[in-house]
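At position 11 of the sequence shown the residue is numbered 10 (numbering that gives the first Met the number 0), and the sequence of numbers has no breaks.
C-beta atoms are modelled at their ideal positions from N, C-alpha and C, and glycine is treated no differently.
Here's the structure we're looking at; comments come further down.
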Amino acid sequence: MIRTLIFGAIAGYVGKKLYDEGKLTEFKDDIVARYGEAKAKLDEQRAETGTVTASSTPLVTPSVTSSRPLPN
């Protein structure tokens, strides 16, 4: 537990220094740009294949379960 606290303190200190220097903003901007490119590419692929978008289909299909309680 002590190691976790020490590691968390070090990570917080280093993270604060990176934030203050503005290096995390560059990283965030890069991630956002890559996400936008990947999303546009995926939308293009879906349009080419005629696949239904994820928002119109459920991720989890309902299943039938028994009404019996589970054993303890």
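Taking 9 Å as the cut-off, the Cβ atoms of residue 14 and residue 4 do not count as close. Going by DSSP, residue 49 is part of no alpha helix (DSSP H) at all; its letter is neither H nor E. DSSP, reduced to helix, strand and coil, places residue 21 outside both helices and strands of the structure shown, so it counts as coil.
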